[in-house]
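In UniProt numbering, the protein residues as written are 1 to 370.
Ideal Cβ placement from N, Cα and C applies to all residues, glycine included.
Everything on this sheet refers to the single structure shown next.
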Amino acid sequence: MDAAWRISRGPALAAGVGPTPLSPAAAGSRATRPQPSPHLRQLPATSLHFPLPVSAGDGPFPNPPPPLKQHGWGWGGGSGVGWGRVAPLPATQFVWGVVLSLTPPPERHDDISRVKLSIQTHPTDDYINANYMPGYSSKKEFIGAQGPLPNTVQDFWRMIWEKNIYAIVMLTKCVEQGRTKCEEYWPVKGSNYYDDISVTLVSEYVLPEWTIRDFTVEDKNATEIHSVRQFHFTSWPDHGVPETTDLLINFRHLVQENMSHNPPDSPTLVHCSAGVGRTGTFIAIDRLIQQIEMENTSDVYGVVYDLRMHRPLMVQTEDQYVFLNQCVLDIIKSQRNKKSDLIYQNTTAMAIYENFGPTPGFEKANGYHA
1 MDAAWRISRG
11 PALAAGVGPT
21 PLSPAAAGSR
31 ATRPQPSPHL
41 RQLPATSLHF
51 PLPVSAGDGP
61 FPNPPPPLKQ
71 HGWGWGGGSG
81 VGWGRVAPLP
91 ATQFVWGVVL
101 SLTPPPERHD
111 DISRVKLSIQ
121 THPTDDYINA
131 NYMPGYSSKK
141 EFIGAQGPLP
151 NTVQDFWRMI
161 WEKNIYAIVM
171 LTKCVEQGRT
181 KCEEYWPVKG
191 SNYYDDISVT
201 LVSEYVLPEW
211 TIRDFTVEDK
221 NATEIHSVRQ
231 FHFTSWPDHG
241 VPETTDLLIN
251 FRHLVQENMS
261 HNPPDSPTLV
271 HCSAGVGRTG
281 TFIAIDRLIQ
291 QIEMENTSDV
301 YGVVYDLRMH
311 RPLMVQTEDQ
321 YVFLNQCVLD
331 IIKSQRNKKS
341 DLIYQNTTAM
351 AIYENFGPTP
361 GFEKANGYHA
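Spelled out as structure tokens, the structure:
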């Protein structure tokens, strides 16, 4: 494929009886995944070109960064990938969780994007540290959230139940370098009760880079049972990036295949520890991959800008921003090498989804047909 790639200025825009068992192949074992794609520093300096569009005024963003310059891991200071313009983007408009005593919330953005729970006994009962995040196809395709604390686990599961969430993407370990990053909010076996909600572990597949867990979730005040699948990525250091681009791209594809079976009004819940750096990077790469597939366009800066308008500090570090650019370049390089699809699509692990579909009766019970 020899498309004309560009940087755009415009915005990119369960009920059932139990999860279908996963096979190790469907879960994506390392043996069936491709070897890491070449690092940028190994690519010829002239292999890719990202001219800016000649049209202007097609989006709300400030002036985008200059065309990407390929310096491998030597990118620094935002000189090649625009981090110098991303870092100062608004990061303080979402302060409602800090000043909970203020009513109404001090900034309009909070009421626009924040996830509101049902009020139990107090007006602040509707608060949880989470925001609706725009994906490629929907303004509420994702929910970006803080990892649960000991005193917020009940609210976390209440959000999953009330917002009809069927997929969780967890991007942190519970403990990293001796520090607690996230409460272990799920049962390690059997069932746990979180106020009115019971959660039962159905299955668990542990692999070197990620773990997949299936749960059933019930509310004692309701008759239906929800099936929830958790994708737990365990190879992403805090404030850092995964070891290779293909690792995250393959993981994202695994999640996306599952998302395609969920009801269109069911957001995918994504969290790490604070719910900004790794969470923002994952949502951004999902949007960028779809943008490449559908438009032959890559707008890293615009995607990050848009995410930060909904939750502060999404894509938190320069390394994470550079990593997004590297993912884009590796995907484009794979297409320029005339592979039929993206780098993950010829692997056995990514092709076996007949055992990875929705639970029996899922479509009928939810009024949704794939």
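At the level of alpha carbons, what is the spacing between residue i and residue j?
{"i": "C182", "j": "T297", "result": "36 Å"}
{"i": "K163", "j": "N337", "result": "42 Å"}
{"i": "Y321", "j": "K220", "result": "44 Å"}
{"i": "H226", "j": "P187", "result": "16 Å"}
{"i": "I168", "j": "Y185", "result": "12 Å"}
{"i": "F142", "j": "I197", "result": "22 Å"}
{"i": "N262", "j": "Y166", "result": "7 Å"}
{"i": "I112", "j": "D330", "result": "35 Å"}
{"i": "M294", "j": "I332", "result": "13 Å"}
{"i": "P60", "j": "E224", "result": "Residue confidence for P60 is low, a pLDDT of 36 falling below 50, so the modelled location carries little weight and cannot support an answer."}
{"i": "Q291", "j": "H122", "result": "42 Å"}
{"i": "P105", "j": "R311", "result": "Annotation note: pLDDT 40 at P105 (below 50); position unreliable, coordinate value reported separately. Each residue's alpha carbon lies about 15 Å from the other."}
{"i": "Y305", "j": "E318", "result": "14 Å"}
{"i": "K116", "j": "P148", "result": "16 Å"}
{"i": "V199", "j": "Q120", "result": "20 Å"}
{"i": "residue 377", "j": "R114", "result": "Coverage of the chain is limited to positions 1 through 370, which leaves residue 377 absent and any answer about it impossible."}
{"i": "V206", "j": "R213", "result": "9 Å"}
{"i": "N258", "j": "T268", "result": "10 Å"}
{"i": "V228", "j": "K140", "result": "18 Å"}
{"i": "residue 387", "j": "M309", "result": "Because the chain is modelled from 1 through 370, residue 387 falls outside the range shown and cannot be assessed."}
{"i": "T152", "j": "S118", "result": "15 Å"}
{"i": "T222", "j": "N192", "result": "Just to set this straight, residue 222 is Ala in the shown sequence, not Thr. For A222 and N192, the distance between alpha carbons rounds to 17 Å."}
{"i": "P242", "j": "S260", "result": "25 Å"}
When the Cα of residue i is compared with those of the options, which residue comes out closest?
{"i": "M314", "options": "G280, H232, L288, G302", "result": "G280"}
{"i": "V328", "options": "V303, Q316, H310", "result": "V303"}
{"i": "F215", "options": "D195, Q230, T223", "result": "Q230"}
{"i": "C174", "options": "E295, R308, C272", "result": "C272"}
{"i": "P201", "options": "E176, G190, Y166", "result": "The question names Pro, yet the displayed sequence has Leu at residue 201. The candidate whose alpha carbon is nearest that of L201 is G190."}
{"i": "L288", "options": "L307, I143, T211", "result": "L307"}
{"i": "H239", "options": "S118, T172, E204", "result": "T172"}
{"i": "M170", "options": "D195, S138, E209, G135", "result": "E209"}
{"i": "residue 418", "options": "I249, Y194, S138", "result": "With the chain covering only 1 through 370, there is no way to say anything about residue 418."}
{"i": "S138", "options": "D265, V255, A274, F282", "result": "D265"}
{"i": "N250", "options": "F282, V228, A222", "result": "F282"}
{"i": "V255", "options": "S118, H232, P242, V241", "result": "H232"}
Pop quiz: residue i and residue j are said to be a contact at Cβ under 8 Å. What is the actual Cβ separation, rounded to whole angstroms?
{"i": "residue 378", "j": "V276", "result": "It is not possible to answer for residue 378, since the shown part of the chain is limited to 1 through 370."}
{"i": "T245", "j": "Q326", "result": "5 Å"}
{"i": "A284", "j": "L324", "result": "6 Å"}
{"i": "D299", "j": "R252", "result": "In fact, because the Cβ distance is near 17 Å, the residues do not count as touching under 8 Å."}
{"i": "W236", "j": "R278", "result": "6 Å"}
{"i": "V270", "j": "G144", "result": "6 Å"}
{"i": "T211", "j": "E204", "result": "7 Å"}
{"i": "A274", "j": "Q146", "result": "6 Å"}
Using beta carbons (cut-off 8 Å, strictly below), is residue i in contact with chain B?
{"i": "F231", "result": "Structure shown: chain B not included; a single protein chain is present."}
Heavy atom of the ligand NAD less than 7 Å from the Cβ of residue i, yes or no?
{"i": "F323", "result": "The model on display carries no ligand, and the ligand NAD is accordingly not part of it."}
Decide yes or no for the touch test of the region 150–165 against the region 122–137: beta carbon pairs closer than 8 Å, at least 3 of them. Taking a cut-off of 8 Å on C-beta distances, the region 150–165 touches the region 122–137, as three or more cross pairs fall below it.
Which ranges would you report for the alpha helix (DSSP H) in the UniProt domain "Tyrosine specific protein phosphatases" (249–322) if only whole runs of at least 4 residues count? Restricting attention to alpha helix (DSSP H) runs no shorter than 4 residues, the UniProt domain "Tyrosine specific protein phosphatases" (249–322) encloses them at 277–295, 300–308, ordered along the chain.
What beta strand (DSSP E) runs, 3 residues minimum, are completely inside the region 111–175? For the region 111–175, whole beta strand (DSSP E) runs of length 3 or above, ordered along the chain, are 114–116, 127–133, 142–145, 167–170.
Segments assigned beta strand (DSSP E), at least 3 residues, entirely inside the region 195–223: Taking only runs of at least 3 residues, the beta strand (DSSP E) segments lying wholly in the region 195–223 are 197–206, 210–219.
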